[in-house]
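Asker: Residue numbers (this note's numbering): 1 to 539.
#1: Please report the distance separating the alpha-carbon of residue 406 from that of residue 421.
#2: How is the beta strand (DSSP E) around residue 503 delimited, first residue to last?
#3: How is residue 476 classed by DSSP in three states: helix, strand or coil?
#4: Pull the bridge partners of residue 528 from the DSSP assignment, please.
#5: From the DSSP output, in three-state form, read off residue 56 for me.
#6: Is it a yes or a no for the region 168-186 touching the region 194-206, going by three-plus beta-carbon pairs under 8 Å?
#7: What are the residues that DSSP puts in a beta bridge with residue 533?
#8: Run the CB neighbour count on residue 540, radius 10 Å, all protein chains shown included, and call it buried at 16 or more, exposed below.
#9: Answer with buried or exposed for residue 51, where buried requires no fewer than 16 other C-beta atoms within 10 angstroms of its C-beta.
#10: Tell me, which residues are paired with residue 312 by DSSP?
#11: Would residue 261 and residue 321 be called neighbours here (beta carbons separated by less than 8 Å)?
#12: If you measure between the beta carbons of residue 510 and residue 527, is that distance less than 8 Å?
#13: So the beta strand (DSSP E) residue 122 belongs to, where does it begin and stop?
#14: Starting from residue 463, trace the beta strand (DSSP E) in both directions and tell me its first and last residue.
#15: Are there 16 or more other CB atoms within 10 angstroms of the CB of residue 137, so buried, or fewer, so exposed?
#16: Which residues does DSSP pair with residue 520 in a beta bridge?
#17: Under a three-way DSSP split, which group does residue 143 fall into?
#18: Just tell me which of 414, 210, 317 and 409 has its CA closest to the CA of residue 346.
#19: Which term fits residue 115, buried or exposed, when burial requires 16 or more other beta carbons within 10 angstroms of its beta carbon?
#20: From residue 277 to residue 411, what does the alpha carbon distance come to, in whole angstroms?
#21: Assuming residue 39 and residue 475 are in contact, meaning their beta carbons sit under 8 Å apart, how far apart are those beta carbons, in whole angstroms?
#22: Under 8 Å between the Cβ atoms of residue 180 and residue 64?
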């Protein structure tokens, strides 16, 4: 398409990214656990004015380095503490990602490929959705990918080798400061396998290795050494133990099956994941394509071996998947068969039908409860929550379905236009689902807890969650530092607290009432029970 070669294509894509990623960041509350966990650490950083030591519940937190939390804290300092400020860093990272992918695609091949790559990325489900979240991974992944790309350029081009190696080291250091040394592991494995398989080790000089290590160590050691001298070796010791635990054992609530990540990537990266299967292997495979295939395989194998299964662990694979999908579209755009269009249509239909089913069942839970015995009382209460699903939230899918039908079965359109329409159909679906359905899903799950916590005005007592892991009460309760704040029941038994609120799943409420005599139930909603302990009343 001539439009792809337009001189203002990059400006148009950046404007498109800004319009897609920034509006609507605050339409739903932050989701438990990860979004609220990271944001609460940023809030506590602001409250305590301690920017060197990460804290959760005003106690040292050893699971993550601070870079992303710094970004969130700065953002919330500027725009206010809340969902918009917490998610804004990733929206800006999304715009940065569009810029980098465009420049890299143009450098690797040409501007048309660059535009296809950007469109494949921002029109695919999970890659798009993550830029509207407060998760660490979009920032973490971009730094790693930039590090890999700069290293690739230093290997394949004669000019500015040391500059590109320097940029690579800086990016991997920033990734390490975002989530930890797994960044170095992913980079190292990818670089090692690629260099050995391509026999490019002879072209690597001692100066390149030295510059990479120097830039990496210089940045990473700034925080680690300062933290070490201020607080001792606690962070390094606990952080290492936590990483080993995640790699070698199932984290609570995060186990999975063999093939978990390939399935997540197939469904979550639609439609790019389907285009990936059309890759033209018969042609000579360019060197950057080989690197992307290696990176994809390494990510899948690495995180299939990791015992803890979390959906965003394999999100680094979004980059190679979307690039290889763009390469497929570019190479085959003149000879895509109807069967290939239908393959994308089928996967899109699965997502559209699933979204409609969620809305329809959410509005009519008896369709499930009358025919299926749900043994989990909490899940049953969530399903039966009093939530009004508007007709638009149920039938918005008609629009992306219509676009997808036209793209897949209307042969009068050119191949390029049909491909663009397929991507547009997924983009319309993503935006419609986020604006029309996500808030309703939240009402079925966590909104009862948030509403209760936010209703406590004035907040005259600490809030505890009994029998489950949650961070909602910390962030939305705007908790303040309290000495020995870990266990509410222990505090009360030791006469350190005379008044406290408790949140518990309704089917576990009897356990709380047995442990704490005289506690008073305030209300029940959507599978949760809310209690008040007041020492004066119990006496």
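Yeah, the Cβ is synthetic: ideal placement off N, Cα and C, and Gly gets one too.
Answerer: Based on what the coordinates show:
#1: 8 Å
#2: That run of the beta strand (DSSP E) goes 499-505.
#3: For residue 476, the three-state secondary structure derived from DSSP is coil.
#4: 505 and 525
#5: Strand.
#6: no
#7: 500
#8: It is not possible to answer for residue 540, since the shown part of the chain is limited to 1 through 539.
#9: Around the beta-carbon of residue 51, fewer than 16 other beta-carbon atoms lie within 10 Å, marking it exposed.
#10: Bridge partners of residue 312: none, in fact.
#11: no
#12: no
#13: Per DSSP, residue 122 belongs to no beta strand (DSSP E); it is in the alpha helix (DSSP H), 111-122.
#14: 463-466
#15: buried
#16: Answer is 532, bridged to residue 520.
#17: Residue 143: helix per DSSP, three-state reduction.
#18: For residue 346, the closest C-alpha among the options 414, 210, 317 and 409 is that of 409.
#19: buried
#20: Pairing residue 277 with residue 411, the inter-Cα distance amounts to about 22 Å.
#21: 6 Å
#22: Yes; because the gap between Cβ atoms is below 8 Å, this pair is in contact.
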